[in-house]
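Enquirer: Protein chains in written order, with the working numbering: chain D, 67 to 278; chain L, 67 to 278.
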DNA sequence: CATGCTTGGATAGTGACACTACCTAACAAG
DNA sequence: CTTGTTAGGTAGTGTCACTATCCAAGCATG
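(1) Name the chain D residues whose beta carbon is nearer than 8 Å to that of residue 90(L)?
(2) When DSSP labels each residue in this structure, what does residue 98(D) get in the three-state scheme?
(3) So who's on the other strand from residue 104(D), going by DSSP bridges?
(4) Among 199(L), 261(L), 268(L) and 255(L), which has the Cα closest to the Cα of residue 129(L)?
(5) What does residue 233(D) reach in chain L if we use C-beta pairs closer than 9 Å?
(6) If the cut is a Cβ gap below 7 Å, which residues of chain D does residue 122(L) touch?
(7) Would residue 133(L) pass as a contact of residue 89(L) if the rule is Cβ separation under 7 Å?
(8) CB-CB under 7 Å to residue 144(D), same chain, minus the five flanking residues each way: which ones, in chain order?
(9) Among the candidates 77(L), 76(L), 69(L) and 214(L), whose CA atom is the shortest distance from the CA of residue 96(L)?
(10) In or out: residue 209(L) buried (at least 16 other Cβ within 10 Å) or exposed?
(11) Which residues bound the alpha helix (DSSP H) around residue 162(D)?
(12) In whole angstroms, give me the CA-to-CA distance for residue 109(D) and residue 92(D).
(13) Applying the 10 Å Cβ sphere with the 16-neighbour rule, what's the burial state of residue 161(D)?
(14) Go ahead and label residue 202(D) buried or exposed: buried means 16 or more other beta carbons lie within 10 angstroms of its beta carbon, across all protein chains shown.
(15) Can you check which of these residues, 114(D), 101(D), 232(D) and 106(D), is closest to residue 78(D) by C-alpha distance?
(16) With distances taken from CA atoms, which of 117(D), 219(D) and 123(D) is nearest residue 87(D)?
(17) In three-state DSSP terms, what is residue 147(D)?
(18) Could you please tell me which residues of the segment 166-190 of chain D, in chain order, have their CB closer than 7 Å to any CB of chain L?
(19) Taking 8 Å as the cut-off, does the segment 220-240 of chain L touch the segment 181-195 of chain D (at least 3 CB pairs, one atom from each stretch)?
(20) Can you tell me which of the three DSSP states residue 191(D) falls into?
(21) Which residue comes first and which comes last in the alpha helix (DSSP H) that contains residue 132(L)?
(22) Let me know if residue 278(D) comes out buried or exposed under the rule of 16 or more other beta-carbons within 10 Å of its beta-carbon.
(23) Hey, does residue 114(L) have any beta-carbon neighbour from chain D nearer than 7 Å?
(24) Just tell me which of 207(D), 142(D) and 138(D) has its CA closest to the CA of residue 174(D).
(25) What is the DSSP secondary structure of residue 122(L), reduced to helix, strand or coil?
(26) Go to residue 273(D), then tell me how far its alpha helix (DSSP H) extends in each direction, as first and last residue.
(27) Which residues in the same chain have their Cβ closer than 7 Å to the Cβ of residue 200(L), if we skip the five residues on either side of it in sequence?
(28) Between the segment 215-228 of chain D and chain L, which residues of the former have CB atoms less than 9 Å from a CB of the latter, in chain order?
(29) By DSSP, does residue 74(L) sit in helix, in strand, or in coil?
(30) Let's see if you can read the secondary structure: which residues bound the alpha helix (DSSP H) around residue 142(L)?
As structure tokens, then:
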């Protein structure tokens, strides 16, 4: 298929597809002539994936490129490729180093990882982006005078554990490794809005139950 | 205290504080003279809240203003004020109306609300922003060929239910209604990055457990 | 084989956003 | 009196994700 059809079938304008090609999110098609290229089903699939990551997952274009590249990098081992999405997490502002709230948060989080028995993160040389984002968020809570201690975080941690187990079950249901990688990226990124929306809906339900 | 001290104690530059004043995120201070205003502890508190919403919660400045205004609006009832944060949810692109994937998603979500017995959302005249965001996210999954049916979503919904119960317990622990409202806003918005970070960390742990 | 449309490729422009810089006149503080 | 700070205003910055326009080279159609 050519550009117009790729645009038609994906719902992405030709101008935006050209932009994605320039940014390296999409491989160029097979050149037919000086002014024509042929795109295949895998281009369509990858375009849809990129679109979903960017529009629904709010992943920056540059990060989406890295995530997709890492997912396709055959030189990494399976665990590393599965972690590609996580490692490229668009991370908020660095947790201001020189600040008592950040120190409190850092201690709470360290304690939390111990209590949850999550040895992998503790074994890393430097904290992952997710770890730093967690510290920054807890520090903000502390700064506003909310607890943010281990007892508050622990139930959330246990729920996260259960989410991870069922997510990884879904990943392992895919047959090939390549499909597993894509499933991991999709699950990690696209289930985030699902989870957050469900939580907000549940808040409204529970609030209605209690206060109406 | 005056501008410089407010800036010092909050860690927000004077230029940014002026910007927030212009945008109506902060009440002007008490005028002392033509060139001086006096700010109080509540200005500091509100500034820290606004900062946390914007920097950690990624809430747009205009939305943060609305959320804070609704939380302080005495003319609304308690349930409405508690919902202020939810209703102002920065919502992704509208779920493209004329699209089979969106239709599938719409049906799945309707079925999900029934199965979870969430009557409040079903009783609304028009779906809440969270509801629309959920449909858009599920539609993206469907478009990529992932299930996105009720069976997949149900465990997530049940977890969200449990999150909401423990969140509302925390809200009810606050003594005054005003404190409850602020707690609801803070919990809704600032626990989102906490939850997402924990989930990503848990993914890494579970993946290490299975594949290393 | 003329004519109008499409393509790849390049460059420049747009609009939203969250600041940030600079200016001025009026004070304040030592 | 000198030096610094403030409120208030306007204009500029940098990032981001597109979007618009142009061009020369085909391709498709009558």
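In this text, a Cβ means the ideal position worked out from N, Cα and C, and glycines have one as well.
Expert: This is what the structure holds:
(1) Listed by position along chain D, the residues whose Cβ is nearer than 8 Å to that of residue 90(L) form an empty set, because the closest Cβ is around 21 Å away.
(2) Correct three-state label for residue 98(D): strand.
(3) Beta-bridge pairing links residue 104(D) to 96(D).
(4) Nearest option by C-alpha distance: 255(L).
(5) Those within 9 Å of residue 233(D) in chain L are 265, 268, 269 and 272.
(6) Against residue 122(L), the close residues of chain D are 158, 202, 203 and 206, in the order they occur along the chain (beta-carbon pairs closer than 7 Å).
(7) When the beta-carbon positions are compared, residue 133(L) and residue 89(L) stay at least 7 Å from each other.
(8) Exclusion of the five residues before and after residue 144(D) leaves 243 as the residues of its chain whose Cβ lies within less than 7 Å of its Cβ.
(9) Cα-wise, what sits closest to residue 96(L) is 69(L).
(10) Taking all protein chains shown into account, residue 209(L) has 16 or more neighbouring C-beta atoms within 10 Å of its C-beta and is therefore buried.
(11) Where residue 162(D) is concerned, there is no enclosing alpha helix (DSSP H), because DSSP gives it neither an H nor an E.
(12) Between the alpha carbons of residue 109(D) and residue 92(D) lies a distance of about 7 Å.
(13) Per the 10 Å Cβ criterion, buried.
(14) Residue 202(D) is buried by the Cβ-count criterion.
(15) Out of 114(D), 101(D), 232(D) and 106(D), 114(D) has the C-alpha closest to the C-alpha of residue 78(D).
(16) The shortest C-alpha separation from residue 87(D) is found at 117(D).
(17) Here residue 147(D) sits in helix by DSSP.
(18) Within the segment 166-190 of chain D, the residues whose Cβ lies closer than 7 Å to some Cβ of chain L are 184, 186 and 187, listed in chain order.
(19) The segment 181-195 of chain D vs the segment 220-240 of chain L: no contact.
(20) If DSSP states are grouped into helix, strand and coil, residue 191(D) belongs with coil.
(21) Start and end: 127-138.
(22) Label assigned to residue 278(D): exposed.
(23) Residue 114(L) counts as touching chain D.
(24) When the alpha-carbon of residue 174(D) is set against those of 207(D), 142(D) and 138(D), the nearest one is in 207(D).
(25) In the structure shown, residue 122(L) sits in coil (DSSP, three-state: anything other than H, G, I, E or B).
(26) Its alpha helix (DSSP H) spans residues 243-277.
(27) The beta carbon of residue 200(L) lies closer than 7 Å to those of 175 in the same chain, with the five residues before and after it left out.
(28) Result list: 218, 219, 221, 222, 223, 225, 226, 227 and 228.
(29) Residue state, collapsed to three classes: helix.
(30) Neither: residue 142(L) is in no alpha helix (DSSP H) and is coded neither H nor E.
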